[in-house]
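Per UniProt numbering: the sequence shown = residues 1 to 154.
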Amino acid sequence: MTDAQPPTRRARKADVGPAVDLPPVPPLPDDVRTAGSEMTAREIDEDVDGRLPTAQLEMAAFGDHLIPYAPPVPPTPPSVAPWALGVAIIALAAAVFTGWLLPIGVIGAVLAIVSLRRAHDSRRAAVWALALSLLSVSFSAGWLIWGFSQLAVG
Numbered sequence: 001m002t003d004a005q006p007p008t009r010r011a012r013k014a015d016v017g018p019a020v021d022l023p024p025v026p027p028l029p030d031d032v033r034t035a036g037s038e039m040t041a042r043e044i045d046e047d048v049d050g051r052l053p054t055a056q057l058e059m060a061a062f063g064d065h066l067i068p069y070a071p072p073v074p075p076t077p078p079s080v081a082p083w084a085l086g087v088a089i090i091a092l093a094a095a096v097f098t099g100w101l102l103p104i105g106v107i108g109a110v111l112a113i114v115s116l117r118r119a120h121d122s123r124r125a126a127v128w129a130l131a132l133s134l135l136s137v138s139f140s141a142g143w144l145i146w147g148f149s150q151l152a153v154g
């Protein structure tokens, strides 16, 4: 679709059909101020750029100043990396004392892997969370292996 330019005053005069005889308009009293009286008759009749006095309104609809609509950028979802790191630290602290909280280390590892797959999450925090989660899982597994081996002896 092309941008059609509004017609000029000369083009509109050429398109006008036969002249119609209208009765003369009576003159206004001197104390009455008409709309547009700030402009002189010479300024009105001058065809400087070939547009009517309403050309500014026409240009507003067709000008280059129009900004195309762009939808707003959706907000980024909250990061999972801090949660993964927090769960990993809790899992490591629990793994030092007992092995029964091994699922917390697994949850921390899963959150860290999810965080590593997300583009906007902190990669450094996700790597630390994964490392600490795997360390806590190994400590918890060690506790569980040692604990079950003690049960068989007794």
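Built from N, CA and C at the ideal position, the CB exists for glycine as well.
Practice task
Can you tell me which of the three DSSP states W143 falls into?
Solution key: Taking the sequence shown and counting its residues from 1, the one referred to as residue 143 is at position 143. Here W143 sits in helix by DSSP.
Problem - I145 versus V20, A4 and T98, residue with shortest Cα-Cα distance - result: Along the sequence shown, read from residue 1 onward, the residue named residue 145 stands at position 145. With distances taken between Cα atoms, I145 lies closest to T98.
Exercise for the section: Classify L28 as helix, strand or coil using the three-state DSSP reduction. Expected result: Residue mapping note: residue 28 aligns to position 28 of the sequence shown, counting from 1. Note: L28 maps to coil in three-state DSSP.
Exercise for the section: Please state if the CB of V137 and the CB of L102 are separated by a distance shorter than 8 Å. Expected result: As a first step, residue 102 must be located in the sequence shown, where it is residue number 102. As a first step, residue 137 must be located in the sequence shown, where it is residue number 137. For L102 and V137, yes; Cβs fall inside 8 Å.
Problem - Own chain residues within Cβ distance below 7 Å of R118, not counting five before or after - result: For the purposes of this step, residue 118 is identified with residue 118 of the sequence shown, where counting begins at 1. Closer than 7 Å at Cβ, skipping near neighbours: V80.
Exercise for the section: With DSSP collapsed to three states, give me the class of L102. Expected result: The residue given as residue 102 occupies position 102 in the sequence shown. In the structure shown, L102 sits in a helix (DSSP, three-state: H, G or I).
Exercise for the section: Could you tell me whether the Cβ atoms of A126 and S133 are closer together than 8 Å? Expected result: Indexing the sequence shown from 1 puts residue 126 at position 126. Indexing the sequence shown from 1 puts residue 133 at position 133. Against a cut-off of 8 Å, the Cβ pair of S133 and A126 comes out as no contact.
Handout entry: Cα-Cα separation, T8 to A70
Key = Your numbering for residue 8 matches position 8 in the sequence shown. Your numbering for residue 70 matches position 70 in the sequence shown. For T8 and A70, the distance between alpha carbons rounds to 33 Å.
Exercise for the section: Confirm, please, whether the CB-CB distance from A95 to G108 is below 8 Å. Expected result: Here the question's residue 108 lines up with position 108 in the sequence shown. Here the question's residue 95 lines up with position 95 in the sequence shown. No.
Problem - Ordered list of alpha helix (DSSP H) runs contained in the region 84-138, each at least 4 residues - result: 102-117
Practice task
Report the rounded CA-to-CA distance for P77 versus H120, giving the unit in angstroms.
Solution key: The sequence position of residue 77 within the sequence shown is 77, counting from 1. The sequence position of residue 120 within the sequence shown is 120, counting from 1. Here the alpha carbons of H120 and P77 stand approximately 9 Å from one another.
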